[in-house]
Amino acid sequence: MARNSEWCFTSFMAYRKTPAELRRLQAAREHLVARATAVVADVGWAQASVTAVADSAGIAAGSVYQHFPSKAALAVEVFRRAAGREVEVLGEVLLAPGDPVERLGHGVATFARRALENRGLAYALLAAPAEPAVGAERLDFRRRYRALFAEVVREGTAAGLLPAQNAEVTAAALTGAIGEVLVDPLDPLDPHGAPDETTTGRLLADLTAMALRCAGAAPDAVLPATAP
């Protein structure tokens with residue numbers, strides 16, 4: 001009887017994947033996210049169906065659900081990774097040592113340049129129609145952008161390089177204005193198409209100058225190089 005009980009217990013024990021199996025699953029998941037990101041950059045959220053992503057990844061549509069419970073869950077993962085990288089890069093610039101006004105200008109130019117170099121993905125992150133789960137992520141990441149801008153504005157004010165102000169309000173204005181300025185140049189349906197090198201340089205210079213004015217920087221503040 002005891003032997004039978006032992007057999008029943010061991011028979012129903014959960015199967016544990018081996019380290020090699022776990023590595024293969026993780027690699028497959030990473031590949032799936034990478035392909036989903038490419039599809040979103042190419043056709044936007046609405047057209048990035050599970051079938052389209054699976055075809056791009058070279059797997060059956062049903063295999064997608066081995067890694068993500070729904071299309072929304074996959075979309076959220078794509079957004080978090082791509083937007084997270086942009087927040088990371090912006091933070092590296094804005095929170096680096098040195099003159100906070102120069103860092104602000106450099107940060108704005110870097111963010112915009114990276115967006116213009118990858119228009120499809122940047123438009124998807126900033127403005128493309130998306131399901132509610134992605135919209136919620138957008139709001140969260142806007143807060144993270146605002147926090148970074150607010151910190152550098154506070155540093156500039158403390159150093160006497162920017163006038164006294166509500167850093168949170170300025171940061172919110174910067175976050176909204178930068179995104180709004182970039183929407184049309186990033187829109188794949190914009191009749192003007194992708195901006196050329198001259199137009200890009202002019203846009204970066206104008207956007208950076210606007211951001212510095214918004215924060216109250218001196219008119220002679222040095223602008224970062226804006227050539228793409």
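Residue numbers (the UniProt record's numbering): 1 to 228. Even for Gly, the Cβ is constructed at its ideal location relative to N, Cα and C. Note that this is a predicted model, so its numbers are computed, not measured.
Whether residue i touches residue j by CB criterion (8 Å)
i, j, result
"Ala61", "Ala48", "no"
"Tyr145", "Thr175", "yes"
"Val181", "Ala127", "no"
"Val87", "Val134", "no"
"Leu104", "Ala211", "yes"
"Glu131", "Ala54", "no"
Nearest-angstrom beta carbon gap, residue j and residue i [assumed within contact, 8 Å]
i, j, result
"residue 238", "Pro185", "As displayed, the chain neither begins before 1 nor continues past 228, which places residue 238 out of reach and without an answer."
"Pro100", "Val152", "5 Å"
"Leu94", "Leu148", "5 Å"
Residues of its chain near residue i, where Cβ-Cβ distance is below 6 Å and the 5 sequence neighbours each way are ignored
i, result
"Arg154", "Ala167"
"Phe111", "Leu90"
"Leu116", "Thr200"
"Arg142", "Thr175"
"Ala83", "Leu125, Phe141"
"Gly107", "Leu90, Val93, Leu94"
Top-ranked residue by Cα proximity to residue i, from the options
i, options, result
"Val64", "Arg29, Leu121, Ala164", "Arg29"
"Cys214", "Thr200, Ala173, Pro188", "Ala173"
"Val78", "Trp45, Val87, Ile178", "Trp45"
"residue 297", "Leu22, Leu74, Thr18, Glu21", "Because the chain in this structure spans residues 1 to 228, residue 297 falls outside the shown range and cannot be described."
"Arg81", "Glu137, Pro97, Asp55", "Glu137"
"Leu22", "Ile59, Arg114, Gln66", "Gln66"
"Asp187", "Gly58, Pro129, Ala177", "Pro129"
"Leu179", "Leu189, Gly193, Leu139, Ala159", "First, the amino acid is wrong: residue 179 is Gly here, not Leu. It is Leu139 whose Cα lies nearest to the Cα of Gly179."
Heavy atom of the ligand FAD within 7 Å of residue i beta-carbon
i, result
"Ala167", "For the structure depicted, the ligand FAD is absent and the ligand set is empty, with no information on it obtainable."
Other residues of its chain near residue i: CB distance less than 8 Å, five sequence neighbours each side excluded
i, result
"Ala41", "Asn118, Gly120, Leu121, Ala124"
"Thr157", "Pro163, Ala164, Gln165, Ala167"
In chain order, which alpha helix (DSSP H) runs of at least 4 residues are fully inside the segment 88–120? 100–117
Please go through the segment 12–47 and give each complete beta strand (DSSP E) segment of 3 or more residues, from N-terminal end onward. Counting only runs that start and end inside the segment 12–47, there is no beta strand (DSSP E) element of at least 3 residues.
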